[in-house]
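Below is one structure, written out as structure tokens; the observations come after it.
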Amino acid sequence: MIISFTVNNQPQKVEIEDPNTPLLWVVRDILDLKGTKFGCGKAACGACTLLVDGQAIRSCSYAVKFAEGKQVTTIEGLGTPENPHPVQQAWIEEVVPQCGYCQPGFMMATAALLNENPKPTDEDIDQNIINICRCGTYYRMRKAIHRAAELTGDTNDSTPKL
Amino acid sequence: MNRKVLYSLAFVFLVAGILFASHFDANPSSYVLIKPEEPISNINKENFDKMMSVLMHQRCVNCHPNDNIPKQGDDRHPHYFGMSRGASNHGYEATKCATCHQDENNNYSGVPGAPEWSLAPEKMKWEGLTSVEIAESMLDPERNGGRNHEEVMHHLTEHELVLWAWDPGVDANGVPREKPPVALDEYIKVVKEWFEDGAVIPSE
Numbered sequence: 001m002i003i004s005f006t007v008n009n010q011p012q013k014v015e016i017e018d019p020n021t022p023l024l025w026v027v028r029d030i031l032d033l034k035g036t037k038f039g040c041g042k043a044a045c046g047a048c049t050l051l052v053d054g055q056a057i058r059s060c061s062y063a064v065k066f067a068e069g070k071q072v073t074t075i076e077g078l079g080t081p082e083n084p085h086p087v088q089q090a091w092i093e094e095v096v097p098q099c100g101y102c103q104p105g106f107m108m109a110t111a112a113l114l115n116e117n118p119k120p121t122d123e124d125i126d127q128n129i130i131n132i133c134r135c136g137t138y139y140r141m142r143k144a145i146h147r148a149a150e151l152t153g154d155t156n157d158s159t160p161k162l
Numbered sequence: 001m002n003r004k005v006l007y008s009l010a011f012v013f014l015v016a017g018i019l020f021a022s023h024f025d026a027n028p029s030s031y032v033l034i035k036p037e038e039p040i041s042n043i044n045k046e047n048f049d050k051m052m053s054v055l056m057h058q059r060c061v062n063c064h065p066n067d068n069i070p071k072q073g074d075d076r077h078p079h080y081f082g083m084s085r086g087a088s089n090h091g092y093e094a095t096k097c098a099t100c101h102q103d104e105n106n107n108y109s110g111v112p113g114a115p116e117w118s119l120a121p122e123k124m125k126w127e128g129l130t131s132v133e134i135a136e137s138m139l140d141p142e143r144n145g146g147r148n149h150e151e152v153m154h155h156l157t158e159h160e161l162v163l164w165a166w167d168p169g170v171d172a173n174g175v176p177r178e179k180p181p182v183a184l185d186e187y188i189k190v191v192k193e194w195f196e197d198g199a200v201i202p203s204e
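Protein sequence lines, in the order shown, are assigned to chains A and B.
Counted from 1, the first sequence has number 65 at position 65 by UniProt numbering; the numbering is strictly sequential.
Counted from 1, the second sequence has number 33 at position 33 by UniProt numbering; the numbering is strictly sequential.
So this is what it looks like as structure tokens:
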């Protein structure tokens, strides 16, 4: 079966035997985009979070067939070193990561949250950012999410909605 | 036969009747109250009980919570990760049902899925209610989304999210989820019969 979709604004066609293969494995093993991580494989930890048509999804639990015709954004497509996404910029400013393994999932979840809610409160963050970080960087992430909201507000005209 | 003889005979029959009746036990428990509608209500009760055994099963009630928190599993525990109803029955703004639940079960991750995966609206909270209370809620247009009986019947027997209960997939450990206690064909039959018989809710 051939699945056609867009990944980080690049059209992709993937031939796959099992259309129920998780999108995570297609992104990582076929498209060689290793930023999206495998954590639990049960849609619980959030390390595999990426965006499909701007919505956060757990790619370990998302059959690739559902991506047909859709726009997929991974951490590699969020921004560039020269022009980082506000979430990436905030993560750098607040020195959020420790080991870093779970951070792409948190950043994609945060990007999705800011798409829906440009000024999230602490309660909004608690409700929406439910990924798991074994290093316990939650405190710095909360600061970074608020900072990303400020940066998004500052650059609202130039930041494309994912 | 003159009038005197007639009066005598009537008196004899009256006394005989009283004596005859006094020899029978007049205990009320020996009587069977016959209600004209009993055959219908018996059918209704059986169908009602089968239907409600399904609707009160965890596959159904887990998404009809009384506290806005979806339940999971056969032990009906609160949904992990602090998930809640949100503004539109689909979770929070960015982390919503569809973040994890798609249109089909995912047997790799054990995440269940079906079209229109969501919590039932808040007015349709069934958790903790009796079968009669659930049925009353289900037939009340104020609480059932304005549906008439036929629309409720179609919802109960045709909606993909309802029918998911008989194809619930496996859990996170790969163990098949428990299905409702009545087979799907039998469930559809009894629901339709119950509505055809007037959707009578038995007294508790």
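Quick reminder that beta carbons are idealized off the backbone N, C-alpha and C, glycines included.
In this text the structure is predicted, and so the values were computed from the model without any measurement.
Cutoff 8 Å: B/Glu93 Cβ touching any chain A Cβ: Reading the second sequence from its first residue, position 93 is the one you call residue 93 of chain B. Closer than 8 Å to some Cβ of chain A, the Cβ of B/Glu93 qualifies, so yes.
Distance cutoff 8 Å, beta carbons only. Does A/Cys60 sit that close to anything in chain B? Numbered from 1 along the first sequence, position 60 holds the residue referred to as residue 60 of chain A. True, the Cβ-Cβ gap to chain B drops below 8 Å.
Distance, Cα to Cα, A/Pro11 vs A/Thr73? As a working note, residue 11 of chain A is residue 11 in the first sequence. As a working note, residue 73 of chain A is residue 73 in the first sequence. CA-CA distance, A/Pro11 to A/Thr73, rounds to 12 Å.
Closest Cα partner of A/Cys48 within the set A/Gly69, A/Val26 and A/Ile125: As a first step, residue 48 of chain A must be located in the first sequence, where it is residue number 48. Each of A/Gly69, A/Val26 and A/Ile125 was checked against the Cα of A/Cys48, and the nearest Cα belongs to A/Val26.
For A/Arg58, write down the residues that DSSP places opposite it in a beta bridge. Residue mapping note: residue 58 of chain A aligns to position 58 of the first sequence, counting from 1. A/Thr49, per the DSSP bridge assignment.
Start and end of the beta strand (DSSP E) containing A/His15? Stepping through the first sequence from its first residue, residue 15 of chain A is reached at position 15. Contrary to the premise, residue 15 of chain A reads as Glu rather than His in this sequence. Where A/Glu15 is concerned, the enclosing beta strand (DSSP E) stretches over Gln10 to Glu15.
Where A/Glu82 and A/Gln89 are concerned, what is the direct C-alpha to C-alpha distance, given to the nearest angstrom? Numbered from its first residue, the first sequence carries residue 82 of chain A at position 82. Numbered from its first residue, the first sequence carries residue 89 of chain A at position 89. Roughly 10 Å between the two C-alpha positions.
Could you check the C-alpha separation between A/Val14 and A/Asp29 for me, to the nearest Å? Taking the first residue of the first sequence as 1, we reach residue 14 of chain A at position 14. Taking the first residue of the first sequence as 1, we reach residue 29 of chain A at position 29. Taking the straight line from one Cα to the other gives about 11 Å.
Please tell me whether B/Tyr108 has its Cβ less than 8 Å away from any Cβ of chain A. By one-based count along the second sequence, residue 108 of chain B stands at place 108. Yes, because at least one Cβ of chain A sits closer than 8 Å to the Cβ of B/Tyr108.
Does the segment 193–201 of chain B touch the segment 164–184 of chain B, meaning 3 or more C-beta pairs lie closer than 8 Å? By the Cβ test, the segment 164–184 of chain B is not in contact with the segment 193–201 of chain B, since fewer than three Cβ pairs between them sit closer than 8 Å.
I'd like to check one pair, B/Leu119 with B/Arg76: are the Cβ atoms closer than 8 Å? Within the second sequence, residue 76 of chain B is the residue found at index 76, counting from 1. Within the second sequence, residue 119 of chain B is the residue found at index 119, counting from 1. Against a cut-off of 8 Å, the Cβ pair of B/Leu119 and B/Arg76 comes out as no contact.
Looking at chain A, is there any beta carbon in it that lies within less than 8 Å of the beta carbon of B/Tyr187? As a first step, residue 187 of chain B is located in the second sequence; it is residue number 187 there, counting from the start. Taking Cβ atoms only, chain A never reaches closer than 8 Å to B/Tyr187, which makes this a no.
Buried or exposed for B/Arg80, please, with buried defined as at least 16 other CB atoms from any protein chain shown within 10 angstroms of its CB. In the second sequence, residue 80 of chain B corresponds to position 80, counting from 1. In the sequence under discussion, the amino acid at residue 80 of chain B is Tyr, which differs from the Arg named in the question. Looking at its Cβ environment, which holds fewer than 16 other Cβ atoms inside 10 Å, B/Tyr80 is exposed.
What are the partner residues of A/Asn117, as DSSP defines its beta bridges? Reading the first sequence from its first residue, position 117 is the one you call residue 117 of chain A. A/Asn117 pairs with nothing; no bridge assigned.
Output, in chain order, the set of chain A residues within a Cβ distance shorter than 8 Å of B/Cys100. For this step, residue 100 of chain B is matched to residue 100 along the second sequence. When 8 Å is used as the limit between beta carbons, B/Cys100 is near these residues of chain A: Ala43, Ile57, Arg58 and Ser61, in chain order.
How about the segment 147–158 of chain B and the segment 101–121 of chain B: do they share at least three Cβ pairs that are nearer than 8 Å? At 8 Å Cβ cutoff, the stretches do not touch.
Proximity below 8 Å, CB of A/Lys65 to CB of A/Asn20: Indexing the first sequence from 1 puts residue 65 of chain A at position 65. Indexing the first sequence from 1 puts residue 20 of chain A at position 20. Taking 8 Å as the cut-off, the Cβ atoms of A/Lys65 and A/Asn20 count as close.
is_contact[A/Pro118, chain B] using C-beta, thresh 8 Å: Reading the first sequence from its first residue, position 118 is the one you call residue 118 of chain A. No, A/Pro118 lies away from the interface with chain B (no Cβ there is under 8 Å from its Cβ).
Could you spell out the range, first to last residue, of the alpha helix (DSSP H) harbouring A/Gln89? Residue mapping note: residue 89 of chain A aligns to position 89 of the first sequence, counting from 1. It spans Pro86 to Glu93 - the alpha helix (DSSP H) in which A/Gln89 sits, taken as one unbroken run.
Quick one: what does DSSP say B/Gln102 is sitting in, helix, strand or coil? Along the second sequence, read from residue 1 onward, the residue named residue 102 of chain B stands at position 102. Note: B/Gln102 maps to coil in three-state DSSP.
B/Pro78, DSSP secondary structure in three states: Along the second sequence, read from residue 1 onward, the residue named residue 78 of chain B stands at position 78. Shown here, B/Pro78 sits in a strand according to DSSP, grouped into three states.
Using a Cβ-Cβ cut-off of less than 9 Å, list which residues of the segment 111–140 of chain B approach chain A; keep chain order. Against chain A - using a Cβ distance shorter than 9 Å - the residues of the segment 111–140 of chain B are Val111 and Gly113.
Bridge partners of B/Gln72, per DSSP? Working through the second sequence from its first residue, we reach residue 72 of chain B at position 72. Paired residue(s): B/His77.
Please report how far the alpha carbon of A/Cys133 lies from the alpha carbon of A/Asp53, in whole angstroms. Here residue 133 of chain A refers to the residue found at position 133 when the first sequence is read from its first residue. Here residue 53 of chain A refers to the residue found at position 53 when the first sequence is read from its first residue. Roughly 25 Å between the two C-alpha positions.
Tell me which residue opens and which closes the alpha helix (DSSP H) that B/Thr157 is part of. On the second sequence, residue 157 of chain B is found 157 positions in, with the first residue counted as 1. Where B/Thr157 is concerned, the enclosing alpha helix (DSSP H) starts and stops at His149 to Glu158.
Could you list which residues in chain B have their beta carbon closer than 7 Å to that of A/Pro97, in chain order? Your numbering for residue 97 of chain A matches position 97 in the first sequence. Under the 7 Å cutoff, chain B gives no residues; its nearest Cβ is about 21 Å from A/Pro97.
For A/Pro22, the three-state DSSP class (helix, strand or coil): Indexing the first sequence from 1 puts residue 22 of chain A at position 22. For A/Pro22, the secondary structure class from DSSP, reduced to helix, strand or coil, is strand.
Can you name the residues that DSSP bridges to A/Thr6? On the first sequence, residue 6 of chain A is found 6 positions in, with the first residue counted as 1. In the DSSP output, where bridge partners are listed per residue, A/Thr6 has A/Pro11 and A/Gln71.
Relative to chain B, which residues along the segment 121–140 of chain A have a C-beta separation below 8 Å, given in chain order? Within the segment 121–140 of chain A, the residues whose Cβ lies closer than 8 Å to some Cβ of chain B are Asp124, Asp126, Gln127, Asn128, Ile129 and Ile130, listed in chain order.
Own chain, CB closer than 6 Å to A/Gly135, minus 5 neighbours either side, in chain order: In the first sequence, residue 135 of chain A corresponds to position 135, counting from 1. According to the sequence shown, residue 135 of chain A is Cys rather than Gly. Short of 6 Å from the beta carbon of A/Cys135, and not among the five residues preceding or following it, lie these beta carbons of its own chain, in chain order: Gln98 and Cys99.
Using C-beta distances below 6 Å, list every residue in its chain close to A/Gly77, excluding the 5 sequence neighbours before and after it, in chain order. For the purposes of this step, residue 77 of chain A is taken as the residue at position 77 of the first sequence. Asn8, listed in sequence order.
So, for A/Gly35: in the same chain, excluding its five sequence neighbours on each side, which residues have a beta-carbon less than 7 Å away from its beta-carbon? Numbered from 1 along the first sequence, position 35 holds the residue referred to as residue 35 of chain A. Close CB contacts of A/Gly35 within its chain, under the 7 Å cut and outside five residues either way in sequence, are with Thr74, Ile75, Glu76 and Pro104 (chain order).
If the cut-off is 9 Å on Cβ atoms, which residues from the segment 67–86 of chain B count as contacting chain A, listed in chain order? Under the 9 Å Cβ criterion, the segment 67–86 of chain B contributes Tyr80, Phe81, Gly82, Met83, Ser84 and Gly86.
Verify whether the separation of the beta carbon atoms of A/Asn131 and B/Ala94 is less than 8 Å. Taking the first residue of the first sequence as position 1, residue 131 of chain A is located at position 131. Taking the first residue of the second sequence as position 1, residue 94 of chain B is located at position 94. It is not a contact, given that the beta carbons lie outside the stated cut-off.
Take A/Val96 and list the residues in its own chain whose beta-carbon comes closer than 6 Å to its own, dropping the five residues that flank it on each side. The residue labelled residue 96 of chain A in the question sits at position 96 within the first sequence. Only Thr137, Arg140, Met141 and Ala144 meet the Cβ criterion.
From this set, A/Ala44, A/Leu50, A/Glu68 and A/Ser61, which residue's C-alpha is nearest A/Ile16's C-alpha? Stepping through the first sequence from its first residue, residue 16 of chain A is reached at position 16. When only C-alpha atoms are compared, the closest one is A/Glu68.
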